[in-house]
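2 protein chains.
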Amino acid sequence: MTKNILLSHGGGGEETQHLIKELFFKHFDNDILLRMEDAAALTMESTQIAFTTDSFTVSPLFFKGGNIGKLSIAGTVNDLSMMGAKPRYLTCSFMIEEGFSYEKLEEIVISMRDEMAKTGVKIVAGDTKVVPRGSVDGLFITTTGIGEIIYQGISAHHIAQGDVIIVSHEVGNHGACILATREELELESELQTDCASLWAPVEALIHAGVKLHALRDATRGGLSAVLNEWAETSHVCIEVEEVKIPVAQEVKGVCELLGFEPYEFANEGTMVIALPKEEAQKALEVLKGFQETAQSTIIGDVSSRFMDKVILHTPWESERFLEPPKGELLPRIC
Amino acid sequence: MTKNILLSHGGGGEETQHLIKELFFKHFDNDILLRMEDAAALTMESTQIAFTTDSFTVSPLFFKGGNIGKLSIAGTVNDLSMMGAKPRYLTCSFMIEEGFSYEKLEEIVISMRDEMAKTGVKIVAGDTKVVPRGSVDGLFITTTGIGEIIYQGISAHHIAQGDVIIVSHEVGNHGACILATREELELESELQTDCASLWAPVEALIHAGVKLHALRDATRGGLSAVLNEWAETSHVCIEVEEVKIPVAQEVKGVCELLGFEPYEFANEGTMVIALPKEEAQKALEVLKGFQETAQSTIIGDVSSRFMDKVILHTPWESERFLEPPKGELLPRIC
């Protein structure tokens with residue numbers, strides 16, 4: 001018999017206790033979580049901490065290269081990493097539609113466990129709500145993380161003229177993958193999400209002594225949103241060479257077919273880095289040592305030509321502003 | 001013209017920035033939030049911290065004495081307070097259905113701001129997802145909090161024989177209020193949620209030097225869930241006098257009408273306290289100084305008669321086990 005999630009699994013009574021113990025405790029197993037207090041009591045190694053939250057509502061829940069569970073861990077791990085903070089502890093909240101498959105939920109929970117193992121981060125507190133059929137579409141997950149800041153001063157405010165801009169991976173894979181799955185496009189090749197935890201390469205950059213100005217994972221709104229926010233926040237001009245921005249052939253295909261720009265597509269394991277030009281070579285050497293950032297490349301630099309703006313140099317030697325994304329873009333991409 | 005939330009408000013582009021700045025930043029205004037980094041960078045005063053999360057899916061969103069916003073702040077503030085932790089920082093995630101009223105959202109945000117002012121806690125990071133009509137029913141909020149532990153060792157594991165059990169308020173008001181609103185019961189009186197932040201009385205107990213064994217706010221599953229979990233976790237017997245448990249007349253009415261037990265109804269500003277008998281008088285004096293805990297009263301004590309069990313002594317001098325709640329209870333109560 002197929003087991004499904006029932007309303008009683010979220011009621012706070014006996015069935016909730018069973019679900020927590022047999023599913024969440026089993027896979028997220030750690031001493032702090034198992035104490036089952038109202039809040040987890042933690043001893044941090046530093047008083048300098050980073051704190052971030054993200055909700056995941058992606059549709060479909062499963063896609064090539066990942067699922068909502070993997071996404072919910074990597075997403076929050078990455079937000080901490082982008083602040084130079086070693087990810088330490090997570091909380092996790094599940095909002096589940098009555099009738100959701102127990103087997104699928106367990107598959108998602110196992111993906112979360114496996115993704116956490118890559119950085120050693122632990123879920124130490126959680127919440128589960130089950131809502132009646134029709135009140136939520138399937139499953140939403142919210143993860144919140146705290147980390148210890150081991151490199152101070154990374155900030156969207158610290159980008160300076162003379163910095164170069166590095167992107168760590170080809171852009172748009174996650175957005176294109178979700179869209180292709182939804183539209184049931186038959187792609188010739190194996191386009192999959194870039195979803196990955198980026199703490200390992202970030203930690204390596206820090207340990208190698210690379211000076212970092214700003215880091216940002218290019219999620220909703222893609223590369224275009226990050227660059228525009230940076231240009232505005234640091235009051236500089238960012239100039240990028242279109243030909244240098246890595247975009248997979250399949251992503252270009254999806255974009256042409258459906259009328260999107262790859263620079264606006266969400267990524268889930270791709271970061272943008274701003275650092276002083278003289279640090280770039282060392283940074284690239286470090287990044288190329290990790291599978292998830294092996295494609296790292298310099299795509300542009302920081303000037304003062306048009307303050308608060310991003311200029312895209314095209315292959316035909318013309319140039320245009322890369323405008324910040326607007327409009328509906330893609331709902332439920334992450 | 002009535003403004004509504006559009007999908008583009010959650011896309012990560014220009015409209016998202018507008019929503020964040022004009023609504024969330026306006027009301028949640030603080031320096032850390034306004035830096036708009038991937039994660040908030042915080043300096044804690046202690047390395048001993050408490051960390052907790054809660055998702056709120058209550059239906060209806062507005063009810064007598066509160067709304068989902070007030071609930072989402074008080075709930076997380078209380079989870080931290082129950083660990084002896086001074087609530088410091090929150091993250092907040094909104095999952096909003098396309099078409100949701102901007103005016104209502106603002107009313108909810110203002111309630112959050114007002115509730116935060118009572119303890120001085122601050123929202124320092126957030127996330128907003130807008131999902132297409134039908135993917136979520138109205139609005140869900142997830143809040144996650146961190147606090148500094150100023151009193152160590154409060155735990156569901158630390159209840160000992162000879163402890164007394166105090167309840168800080170009449171029980172069942174929140175559950176009865178939500179249910180009455182849903183069923184459109186015409187109640188003669190002003191039954192409203194007990195929703196309240198409990199940090200002020202908890203802090204006063206700590207400052208008065210009261211020795212505390214366990215604290216728990218009796219949310220989903222109510223008083224019954226807390227007592228049963230405690231009895232099991234600390235491997236003791238908890239005996240309570242039914243006649244001493246404060247229950248409002250209107251709550252009794254709702255329970256009789258609809259076939260519920262007030263001990264299983266959720267509360268949102270009512271805590272249960274276990275402490276050594278000799279501390280009880282001092283604790284009650286402190287608690288009676290706060291409006292939200294003015295009704296505090298001793299309802300029972302801890303023995304070894306039936307380990308892991310809760311015994312309810314009835315007014316007719318009989319006794320029965322108060323069983324842990326099970327079954328569907330009430331979905332979407334918090």
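Respectively, the protein sequence lines represent chains H and D.
All residue numbers for the first sequence refer to UniProt numbering, where the first residue is 1 and numbers rise by one.
All residue numbers for the second sequence refer to UniProt numbering, where the first residue is 1 and numbers rise by one.
The beta-carbon is built from N, C-alpha and C at its ideal position, and this holds for glycine as well.
Which of helix, strand or coil DSSP assigns to residue i
i	result
residue 115 of chain D	helix
residue 281 of chain D	helix
residue 288 of chain H	coil
residue 293 of chain H	helix
residue 313 of chain D	strand
residue 216 of chain H	strand
residue 270 of chain D	coil
residue 332 of chain D	coil
residue 164 of chain H	strand
residue 21 of chain D	helix
residue 89 of chain H	strand
residue 326 of chain D	coil
residue 16 of chain D	helix
residue 303 of chain D	strand
residue 147 of chain H	strand
residue 210 of chain H	coil
residue 196 of chain D	coil
residue 125 of chain H	strand
residue 319 of chain H	strand
residue 253 of chain D	helix
residue 262 of chain D	helix
residue 245 of chain H	coil
residue 178 of chain H	helix
Per-residue contacts from residue i into chain H (C-beta, under 8 Å)
i	result
residue 135 of chain D	57, 59, 136, 137, 332
residue 89 of chain D	51
Beta-carbon neighbours of residue i, restricted to chain D and to distances below 7 Å
i	result
residue 74 of chain H	Under the 7 Å cutoff, chain D gives no residues; its nearest Cβ is about 13 Å from residue 74 of chain H.
residue 127 of chain H	53, 54, 55
Pairwise C-alpha distance: residue j and residue i
i	j	result
residue 164 of chain D	residue 227 of chain D	12 Å
residue 140 of chain D	residue 96 of chain D	7 Å
residue 72 of chain D	residue 56 of chain D	6 Å
residue 75 of chain D	residue 332 of chain D	14 Å
residue 143 of chain H	residue 148 of chain D	21 Å
residue 162 of chain D	residue 282 of chain D	16 Å
residue 33 of chain H	residue 45 of chain D	24 Å
residue 93 of chain D	residue 53 of chain H	7 Å
residue 297 of chain D	residue 129 of chain D	43 Å
residue 47 of chain D	residue 116 of chain D	23 Å
residue 155 of chain H	residue 294 of chain H	24 Å
residue 168 of chain D	residue 196 of chain D	12 Å
residue 110 of chain D	residue 27 of chain D	7 Å
residue 220 of chain D	residue 42 of chain D	32 Å
residue 212 of chain D	residue 275 of chain D	5 Å
residue 185 of chain D	residue 63 of chain D	13 Å
residue 40 of chain H	residue 51 of chain D	5 Å
residue 125 of chain D	residue 237 of chain H	27 Å
residue 310 of chain H	residue 77 of chain D	42 Å
residue 5 of chain H	residue 262 of chain H	38 Å
residue 265 of chain D	residue 329 of chain D	8 Å
Where residue i meets chain D, residues with beta-carbon distance less than 8 Å
i	result
residue 39 of chain H	50, 51, 52, 79, 80, 82, 83, 85, 145, 147
residue 131 of chain H	57, 137, 331, 332
residue 124 of chain H	51
residue 225 of chain H	12, 13
Counterpart residues of residue i in DSSP-defined beta bridges
i	result
residue 108 of chain H	Beta-bridge pairing links residue 108 of chain H to no other residue.
residue 4 of chain H	H:101
residue 234 of chain H	DSSP lists no partner for residue 234 of chain H.
residue 83 of chain D	Answer is none; residue 83 of chain D lacks a bridge partner.
residue 276 of chain H	H:163
residue 96 of chain D	D:130, D:139
residue 240 of chain H	H:300, H:312
Where residue i meets chain D, residues with beta-carbon distance less than 9 Å
i	result
residue 44 of chain H	44, 46, 47, 48, 49
residue 155 of chain H	35, 37, 41
residue 216 of chain H	37, 38
Residue i: contacting residues in chain H (beta-carbon distance under 7 Å)
i	result
residue 324 of chain D	13, 14
residue 220 of chain D	11, 12
residue 7 of chain D	328, 331
Interface residues of chain H facing residue i [CB-CB closer than 9 Å]
i	result
residue 95 of chain D	55, 57, 95, 136, 140, 142
TODO: Jot down the residue ranges of each uninterrupted alpha helix (DSSP H) in the stretch 23 to 80 of chain H, minimum 4 residues, whole runs only, in chain order.
DONE: 31 to 34
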